[in-house]
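Enquirer:
Chains as they are written, first to last, in the working numbering: chain X, 31 to 376; chain A, 31 to 376; chain G, 31 to 376.
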């Protein structure tokens with residue numbers, strides 16, 4: 031079992047300082063609540079501040095402005111960014127990741143017309159279809175399907191049982207999790223006397239570099255042109271992105287978000303879990319939308335919104351407080367009624 | 031590069047008339063905003079009317095009642111249905127779809143007891159299990175699983191990595207997108223002294239002709255009998271249909287909709303994105319439910335509903351306006367209080 | 031065709047008593063509404079009480095406290111638990127389930143380092159990767175992927191096209207439906223000058239015995255330690271469970287629920303369809319949350335909550351009734367205004 035001292039850890043995370051015994055050693059990480067006295071933990075969320083008192087952890091990572099909470103006889107490592115530092119500590123003790131063998135598994139079906147880069151992994155029962163291109167150092171894991179004439183860049187990791195459909199384009203250093211579907215048809219129909227008729231979806235999906243896409247997320251191909259996920263966008267599980275949507279650089283879409291067709295999101299937009307964006311809406315740079323909230327109209331940059339339809343924090347809190355306000359008005363009216371009666375009876 | 035003249039396009043889409051130069055040529059389609067002067071675009075949504083002024087597009091499809099917006103020196107094609115006409119124009123320039131080879135890929139696992147029609151495609155690493163039947167001209171794409179004794183009709187297209195489970199029935203001219211799961215067990219348990227016990231789910235899913243089902247949608251098998259998706263129903267991505275649900279002809283279920291067990295939807299029902307229907311509820315023909323709204327009780331035909339629980343548009347708008355109403359009442363009460371004080375002080 | 035008498039059925043379901051002719055025979059099950067006179071049906075939901083009058087069913091299962099509704103000339107079987115009894119009746123007539131052959135399909139890719147128990151099924155084009163362990167009597171169906179060093183217990187059934195990722199642990203008698211993804215990375219990033227950087231997700235998912243997980247549900251691996259689904263938990267389709275979440279014994283998560291990272295649910299918690307739980311929140315034993323509702327803060331045991339943010343039934347109903355209350359206050363204020371004017375004009 032690996033053991034590491036507070037001093038060694040402080041060096042690895044470039045800590046500001048150590049409070050307590052720098053020679054104390056730990057052999058693993060834990061939450062404050064579950065830690066035993068051979069573990070290191072962290073205070074990353076003020077919510078857990080009370081647990082600093084009761085935790086058994088031998089070492090705790092804390093921020094400078096929480097260092098006044100340090101207790102006699104315990105060891106603390108004061109860090110600039112506790113969360114980032116703890117991520118580094120986790121890696122010290124984490125089981126080593128299992129690398130993918132850089133080969134094409136004998137059960138994989140790689141079409142002879144596909145172009146495969148160097149140092150590529152294609153897993154068991156994966157399919158790389160006709161005319162597809164896979165860049166250097168990319169891993170296409172077991173059971174994943176890469177469509178005809180699709181292009182996947184370099185250093186990209188596509189987990190098992192994902193689906194990238196015909197002609198879609200995936201960039202470099204992209205991570206796509208299991209069950210993701212890139213490039214299914216957008217949803218469009220028009221009424222005819224014989225029922226609903228399909229509007230052809232002739233475009234593609236384009237995923238730029240450094241994007242991550244969570245399990246079972248779906249990103250539909252464009253009616254024409256592209257549905258476009260720009261550089262460094264991070265998408266959680268079970269997100270739905272409609273056809274012709276554009277998501278700006280470094281935006282964050284939390285789980286179960288839905289974005290309807292032709293919506294355009296700026297850079298650095300953050301959508302909380304289960305949030306929704308109506309079709310054909312433009313959302314400005316840096317907009318933050320709370321979980322379960324819904325934007326239904328064009329939205330200027332930088333605003334923070336909640337509720338459905340989304341409104342400002344002030345308006346939302348006012349709406350939440352309405353029952354109390356109404357109860358007070360009712361009391362006030364009762365009082366006025368009484369006073370009025372007195373006057374009337376004079 | 032293909033170029034086509036306004037005149038040729040007008041003929042192809044059976045346009046009402048051309049405004050401007052019928053000989054101007056274009057080589058592709060674009061949105062109004064992004065169009066360059068070798069492109070054709072369209073005004074399909076009034077929201078974009080302002081862009082008619084600024085667009086660089088050489089030709090724009092417009093409706094008769096927007097033709098007064100036509101500008102000198104530009105070319106317009108006036109159409110009865112702009113959206114449908116533009117879909118045809120898209121097809122002129124779209125890259126040709128890649129047809130599926132009508133063969134059984136050597137890596138596909140087709141059980142010897144399965145019955146395969148003529149002109150069928152079974153893709154790489156797809157599985158057609160024991161006793162399954164696949165109709166003529168149907169495509170079962172790579173990695174898709176067709177369960178034991180399941181029946182798939184003719185001219186149906188099942189995209190890669192979909193799952194059709196035992197004994198389910200899929201009609202003709204159906205399109206099923208990647209990641210769809212048809213026929214997983216419905217969700218039913220009852221409490222026992224030893225914990226929750228499973229209620230067997232012995233029925234199937236029946237999908238009628240001309241249905242389309244979006245990526246990663248799940249339709250559960252019935253507790254007994256059928257979960258039934260009727261003719262021409264169109265279902266978007268990540269929709270959840272519970273056991274024993276019936277969805278009437280030509281209904282539309284937008285992405286992330288959820289329908290709980292034993293609900294019955296009439297014909298031509300439209301459910302907006304993320305909308306929900308409670309279990310055992312009957313929804314009448316032609317009901318329209320706004321996105322993110324929830325129907326919790328039986329609903330007569332033809333109504334338009336919003337909110338959660340769903341109510342009429344009038345009631346919903348009234349509820350949205352409540353904070354303003356309450357603020358006005360507060361002001362009024364303040365005024366009355368003042369006037370009352372004056373009287374009291376007399 | 032199998033026919034069974036009321037007397038035989040009453041014995042099989044250990045009925046309290048028969049009302050009417052115990053010799054009448056039926057050949058199948060149906061809902062009250064759709065039943066013909068050779069079918070047996072049940073009154074399992076008071077909502078359908080009216081249909082007891084009109085149903086054509088030859089036999090109906092009813093509860094003792096509904097037995098006063100029995101009609102002359104029909105046969106009723108009075109049961110302690112109608113729902114459970116009807117499940118048994120369904121099984122009498124259900125088509126026999128198709129057992130999985132206990133073999134490894136020739137197209138399955140089982141790594142030579144994987145350990146496979148006795149009496150195991152590995153379906154066509156399934157993948158059991160390096161170092162994985164599969165317990166006795168377990169079925170890994172077609173197209174399913176079992177990750178490296180993952181462990182699956184005994185008597186477990188994993189349906190086609192599911193994905194269990196590296197090192198995750200699945201218990202005994204677990205049922206995992208198609209499209210499920212266990213162990214994709216949790217969602218965590220931190221801002222850097224060069225964009226969002228990934229927080230490593232080094233933990234696993236642990237699924238205890240007797241759990242069932244619905245189609246296309248995703249359960250993310252922990253940042254460190256485990257995301258933990260405890261014994262007898264039942265999860266419906268398209269549920270999202272974030273990293274480091276703990277779900278207590280015998281809890282029920284209905285379709286499209288989302289649970290954000292590090293939330294902890296007690297025993298016997300019930301979350302209705304589309305409900306949500308915020309990150310880092312603790313939900314007490316036996317909490318019941320209505321569909322589409324959201325818990326945003328720590329919640330004591332045993333409470334019943336609705337709405338978003340979740341509140342008590344009383345508060346929720348009060349909020350729903352607000353438009354009526356406000357309308358009444360407006361009327362009252364109008365009345366007071368009139369009376370006040372009268373006084374002022376004196």
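All C-beta atoms in this analysis are idealised placements derived from N, C-alpha and C, irrespective of residue type, glycine included.
If we ignore side chains and look at the alpha-carbon of each, how far apart do residue 156 of chain G and residue 35 of chain A end up?
Expert: Computed Cα separation, rounded: 53 angstroms.
Enquirer: Interface residues of chain A around residue 310 of chain X at Cβ under 9 angstroms?
Expert: Those within 9 angstroms of residue 310 of chain X in chain A are 75, 77 and 78.
Enquirer: Among G/101, G/258, G/147 and G/292, which has the Cα closest to the Cα of residue 278 of chain G?
Expert: When each option's Cα is compared against that of residue 278 of chain G, the closest is G/258.
Enquirer: Mind checking which residues open and close the beta strand (DSSP E) that includes residue 71 of chain X?
Expert: First-last of the beta strand (DSSP E) with residue 71 of chain X: 69–72.
Enquirer: Determine the direct distance from the alpha carbon of residue 348 of chain X to that of residue 349 of chain A, and round the result to whole angstroms.
Expert: The straight-line gap from Cα to Cα measures roughly 13 angstroms.
Enquirer: So, is residue 190 of chain X buried or exposed, given that buried needs 16 or more other C-beta atoms within 10 angstroms?
Expert: Buried: at least 16 other Cβ atoms inside 10 Å.
Enquirer: For residue 133 of chain X, would you say it is in contact with chain A, using Cβ-to-Cβ distances shorter than 8 angstroms as the test?
Expert: So no, residue 133 of chain X is outside the interface.
Enquirer: Can you give me the start and stop residues for the beta strand (DSSP E) that residue 39 of chain A sits inside?
Expert: Per DSSP, residue 39 of chain A belongs to no beta strand (DSSP E); it is in the alpha helix (DSSP H), 36–42.
Enquirer: Closer than 8 angstroms, Cβ to Cβ, to anything on chain G: give me those residues from the stretch 235–249 of chain X, in chain order.
Expert: Cβ contacts with chain G: 240, 242, 244, 245 and 246.
Enquirer: By the three-class DSSP mapping on this structure, what secondary structure does residue 210 of chain A have?
Expert: Note: residue 210 of chain A maps to coil in three-state DSSP.
Enquirer: Under 9 angstroms between beta-carbons, which chain A residues line up against residue 155 of chain X? List them in chain order, please.
Expert: Neighbours of residue 155 of chain X on chain A, chain order: 137, 154, 155 and 173.
Enquirer: At 9 angstroms on the CB atoms, spell out the chain A contacts of residue 94 of chain G, in chain order.
Expert: The contacting residues do not exist; residue 94 of chain G stays about 18 angstroms from chain A at best.
Enquirer: Which residue from A/207, A/288, A/225 and A/330 puts its Cα closest to that of residue 269 of chain A?
Expert: For residue 269 of chain A, the nearest C-alpha among the options comes from A/288.
Enquirer: Can you name the start and end residues of the beta strand (DSSP E) that residue 360 of chain X belongs to?
Expert: Unbroken run through residue 360 of chain X is the alpha helix (DSSP H), 352–375; no beta strand (DSSP E).
Enquirer: Which partner residues does residue 324 of chain A have in the DSSP bridge list?
Expert: Paired residues: A/306.
Enquirer: Whole angstroms are fine: how far does the CA of residue 123 of chain A sit from the CA of residue 254 of chain X?
Expert: Their Cα atoms are separated by approximately 10 angstroms.
Enquirer: Is residue 66 of chain A buried or exposed, if buried means 16 or more other CB atoms sit within 10 Å of its CB?
Expert: Under this definition residue 66 of chain A is an exposed residue.
Enquirer: Residues of the stretch 97–117 of chain A with a CB closer than 8 angstroms to any CB of chain X: list them in chain order, please.
Expert: Listed in sequence order: 111, 113, 114 and 117.
Enquirer: At a Cβ cut of 9 angstroms, what residues of the stretch 269–280 of chain G count as close to chain A, listed as they run along the chain?
Expert: Answer set for the stretch 269–280 of chain G: 279 and 280.
Enquirer: Using a beta-carbon distance below 8 angstroms, is residue 348 of chain A in contact with chain G?
Expert: Yes, its Cβ sits closer than 8 angstroms to a Cβ of chain G.
Enquirer: What residues from chain A crowd round residue 230 of chain X, counting only those whose CB sits closer than 8 angstroms?
Expert: In chain order: 117, 120, 121 and 124.
Enquirer: From what residue to what residue does the alpha helix (DSSP H) around residue 115 of chain X run?
Expert: That run of the alpha helix (DSSP H) goes 112–123.
Enquirer: Which residue comes first and which comes last in the beta strand (DSSP E) that contains residue 82 of chain X?
Expert: No beta strand (DSSP E) contains residue 82 of chain X, which is instead part of the alpha helix (DSSP H) from 81–84.
Enquirer: Could you name the residues that DSSP lists as bridge partners for residue 342 of chain A?
Expert: DSSP lists A/335 as partners of residue 342 of chain A.
Enquirer: Out of curiosity, what's the CA-to-CA distance linking residue 143 of chain G and residue 164 of chain X?
Expert: So the alpha carbons of these two residues sit roughly 28 angstroms apart.
Enquirer: In angstroms with no decimal places, state the Cα-to-Cα distance between residue 147 of chain A and residue 138 of chain A.
Expert: Between residue 147 of chain A and residue 138 of chain A, the C-alpha separation is close to 16 angstroms.
Enquirer: Where do the ends of the beta strand (DSSP E) carrying residue 105 of chain G lie?
Expert: That run of the beta strand (DSSP E) goes 105–109.
Enquirer: Under 8 angstroms between the Cβ atoms of residue 321 of chain X and residue 340 of chain X?
Expert: Not in contact: residue 321 of chain X and residue 340 of chain X (Cβ atoms no closer than 8 angstroms).
Enquirer: Since residue 228 of chain X is in the beta strand (DSSP E), which residue starts that stretch and which ends it?
Expert: Where residue 228 of chain X is concerned, the enclosing beta strand (DSSP E) stretches over 225–228.
Enquirer: Within 10 angstroms of its Cβ, does residue 357 of chain G collect 16 or more other Cβ (buried), or is it exposed?
Expert: So residue 357 of chain G counts as exposed.
Enquirer: Quick one: list the residues of chain G neighbouring residue 354 of chain X, beta-carbon separation under 9 angstroms, in chain order.
Expert: Correct list: empty, because the minimum Cβ distance to chain G is about 10 angstroms.
Enquirer: For a contact meaning CB atoms closer than 8 angstroms, what does residue 225 of chain A contact in chain G?
Expert: Within 8 angstroms Cβ-Cβ: 240, 261, 262, 279 and 280.
Enquirer: Shortest alpha-carbon distance to residue 141 of chain G belongs to which of X/141, X/140, X/145 and X/136?
Expert: Ranking X/141, X/140, X/145 and X/136 by Cα distance to residue 141 of chain G puts X/136 first.
Enquirer: Should residue 222 of chain G and residue 204 of chain G be called a contact, given that it needs their Cβ atoms to be closer than 8 angstroms?
Expert: No, Cβ-Cβ distance for residue 222 of chain G and residue 204 of chain G is not below 8 angstroms.
Enquirer: Excluding the 5 residues flanking residue 280 of chain A on each side, which residues of the same chain have their C-beta closer than 7 angstroms to its C-beta?
Expert: Taken in chain order, the residues that qualify are 262, 263, 297 and 298.
Enquirer: Once DSSP output is grouped into helix, strand and coil, what is the label at residue 32 of chain A?
Expert: Residue 32 of chain A: coil per DSSP, three-state reduction.
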